[in-house]
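Number of protein chains: 2
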Amino acid sequence: MKPIKSIERLTAAFRKLPGVGPKTAWRYAMSLVDADDETAREFCDAILSVKREVHRCIKCGNYTEDEICETCLTRDNSVICVVAYPKDIPPIEKTGFGGVYHVLGGTFSPREGRGIDDLRVAELVERMKGVKELIIATNPDLEGEATALYIATKFRKLYPDVKITRPAQGISVGSEMEFMDEATLTRAFSSRREM
Amino acid sequence: MKPIKSIERLTAAFRKLPGVGPKTAWRYAMSLVDADDETAREFCDAILSVKREVHRCIKCGNYTEDEICETCLTRDNSVICVVAYPKDIPPIEKTGFGGVYHVLGGTFSPREGRGIDDLRVAELVERMKGVKELIIATNPDLEGEATALYIATKFRKLYPDVKITRPAQGISVGSEMEFMDEATLTRAFSSRREM
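As given, the protein sequences belong to chains Y and X, one line each in that order. Start counting the first sequence at 263; every next residue gets the next number (my numbering). Start counting the second sequence at 263; every next residue gets the next number (my numbering).
Written out as C-alpha cells, the structure is:
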C-alpha cells in the first residue's frame, strides 16, 4: 500500500523526541491526523511560542521568559548552587533550597568534546560579589567530579573567604546494604559521621 | 520557582498524545526547548502539512493524499474487505489480501452515541457494482458483531448473489489451551473444521 508522504514526515519528526521509537511515533502522527484542526494549530503555536519566548537567564543560565529570571532577582544570592544542566534544578528545588543556581551548561568532558571554555565558568566569576557559599552539585561521576574539582581549585584561589561545598555522597535512603555497590559503600564509609 | 508559561503550554499539547502522561509530556516539551530552531520549524511544518494534505478516499474512506486512493484505483474491486477504522487495515495488508477496503468509520455503538447512520454504509451500497464478495472484518466484540450482522442482513437482501463472509474466530496461533478463555474456546469448538 502506497505510504502517505506527509504522515511519514510527521512520524519522522516525532521520532526525534526522547525515547520514541517507530511504532510510537506512528501512533502519535496518526492521532494528529485524526485530531481536529484546532488541536493541530495549537500544537504548532505552542512549539513556535516556546522557541520564541524561552531564553536562558543571563545571570544563572536557567530557562526563563525574562532576561534575568525571577529566582536570581528575588532569592538569597549569597548561596549559589552550581549545576550542570537546567534539568538538575527541579529535584534540588524540592529539597527546599532557598538560594540561587548557576547552570554551567554541561560538565568538563574531553570525550564529548567539552572543554572548560565551553562551560559558563566566567559567568560564575562575574557574579561572586556578596557570595558566601558555593555548593557544587554536579553529578558524582567522572566528569562531574572533575568539573567540581576544577571549580573548587580555581575559586578557592580567587575567593579564599568563600565556603566551597559538595553534597554528601553515600547510601541512598531506602536502599539495602546487601545490594550496595562497592564504590558507593567505600565513599559512604570514608565519609562516615558521628551519630 | 515560577513555572514557564510557554513550556506549560507545550507540555499540555503533548499530553493530548495517546499514552503520554505529565512527566513524559514535560520531557518532550523540554527536548523541543533544547532543539534548534530548524527542528522546531520542521515539526510545525510537518503537522500543518498532514492536516492540509491528508484526506479520506471518497470511495473507501482510508487515508490518502489523493481524492481516490491508489488501492481503490489499481486493485481487484470484486472483493471488498469492510473494516471499522483505517488503523485496522495495516495488519490485514500483511496477510497479503489483494482486494480493496471499505472503512465504516466506526461500529454500531449506541453506548458511544454511534448509530448506523453515522457509518459509511450508504457509500458501501454505492460501490457494489461488480462485487463478488464482502468480507466483514469488524472486531469480534459486541459492537463489531452487531455491525457485521446488520450489514450481512441488509446486503444479503440487496445483493443476493454476493458472497458475504467473516474471518474465522478461534484460538490464536501460539496460544495454549490451558489459558484459553471460555468464549473463544466455545467459538473455536462450534466452528471446528475437518482435518
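In this text, a Cβ means the ideal position worked out from N, Cα and C, and glycines have one as well. Keep in mind the model is a prediction, meaning the values are calculated, not measured.
Backbone CA spacing between residue i and residue j [nearest angstrom]
i, j, result
"Lys-349(Y)", "Ala-410(Y)", "18 Å"
"Glu-355(X)", "Arg-454(X)", "26 Å"
"Thr-333(X)", "Met-439(X)", "39 Å"
"Gly-406(X)", "Ala-297(X)", "44 Å"
"His-317(X)", "Val-345(X)", "18 Å"
"Ile-351(Y)", "Pro-284(X)", "18 Å"
"Thr-446(Y)", "Thr-301(X)", "40 Å"
"Gly-377(X)", "Val-312(Y)", "42 Å"
"Leu-404(Y)", "Gly-367(Y)", "16 Å"
"Lys-267(X)", "Tyr-325(Y)", "11 Å"
"Gly-323(Y)", "Pro-353(Y)", "17 Å"
"Thr-286(Y)", "Lys-278(Y)", "11 Å"
Cβ-based neighbour list, residue i, same chain, cut-off 7 Å, excluding 5 preceding and 5 following
i, result
"Met-442(X)", "Ile-433"
"Ile-320(X)", "Glu-329 and Ile-330"
Collapsed DSSP secondary structure at residue i in the structure displayed
i, result
"Val-295(Y)", "helix"
"Arg-376(X)", "strand"
"Arg-389(X)", "coil"
"Arg-271(Y)", "helix"
"Gly-283(X)", "coil"
"Leu-334(X)", "Inspection of the sequence shows that residue 334(X) is occupied by Cys rather than by Leu. Three-state DSSP puts Cys-334(X) in a helix."
"Ile-413(X)", "helix"
"Gly-358(Y)", "coil"
Selected residue, minimal CA-CA separation from residue i, among the options
i, options, result
"Glu-315(X)", "Cys-322(X), Gly-323(X), Glu-329(X) and Arg-289(X)", "Glu-329(X)"
"Ile-413(Y)", "Leu-294(Y), Gly-361(Y) and Leu-381(Y)", "Leu-381(Y)"
"Met-263(X)", "Asp-299(Y), Val-362(Y) and Ile-378(Y)", "Val-362(Y)"
"Arg-428(Y)", "Glu-395(Y), Leu-404(Y), Thr-448(Y) and Glu-444(Y)", "Glu-395(Y)"
"Met-292(Y)", "Ile-309(Y), Val-312(Y), Pro-265(Y) and Ser-311(Y)", "Pro-265(Y)"
"Pro-402(X)", "Glu-374(X), Cys-322(X) and Ala-450(X)", "Ala-450(X)"
"Thr-448(Y)", "Gly-436(Y), Gly-367(Y) and Gln-431(Y)", "Gln-431(Y)"
"Met-390(Y)", "Cys-319(Y), Arg-373(Y), Pro-372(Y) and His-364(Y)", "His-364(Y)"
"Asp-299(Y)", "Leu-294(X), Leu-310(X), Ser-452(X) and Tyr-325(X)", "Leu-310(X)"
"Val-295(X)", "Pro-280(Y), Ile-426(Y) and Gly-436(Y)", "Pro-280(Y)"
"Pro-372(Y)", "Gly-360(Y), Ala-408(Y) and Gly-358(Y)", "Ala-408(Y)"
"Ala-399(Y)", "Ile-426(Y), Arg-337(Y), Lys-278(Y) and Glu-456(Y)", "Ile-426(Y)"
"Tyr-347(X)", "Ser-437(X), Thr-369(X) and Ser-452(X)", "Thr-369(X)"
"Ile-397(Y)", "Phe-359(Y), Asp-379(Y) and Arg-337(Y)", "Phe-359(Y)"
Residues near residue i in its chain [Cβ-Cβ closer than 8 Å; skip 5 each side]
i, result
"Val-393(Y)", "Asn-339, Ser-340, Val-341, Ile-342, Tyr-421 and Val-424"
"Val-282(X)", "Phe-276 and Tyr-290"
"Glu-327(Y)", "Glu-315, Val-316 and His-317"
Near the ligand GTP: residue i beta-carbon under 7 Å from a heavy atom
i, result
"Ser-311(Y)", "This structure simply doesn't include the ligand GTP, nor any ligand for that matter."
Same chain, Cβ closer than 6 Å to residue i, five either side skipped, listed in chain order
i, result
"Arg-337(X)", "Val-362"
Original post:
Between the region 303 to 321 of chain X and the region 268 to 281 of chain Y, do at least 3 Cβ pairs fall closer than 8 Å?
Top reply: yes
**OP:** Kindly confirm or deny that the region 376 to 396 of chain Y and the region 415 to 424 of chain Y touch, where touching means at least three C-beta pairs closer than 8 Å.
**Re:** yes
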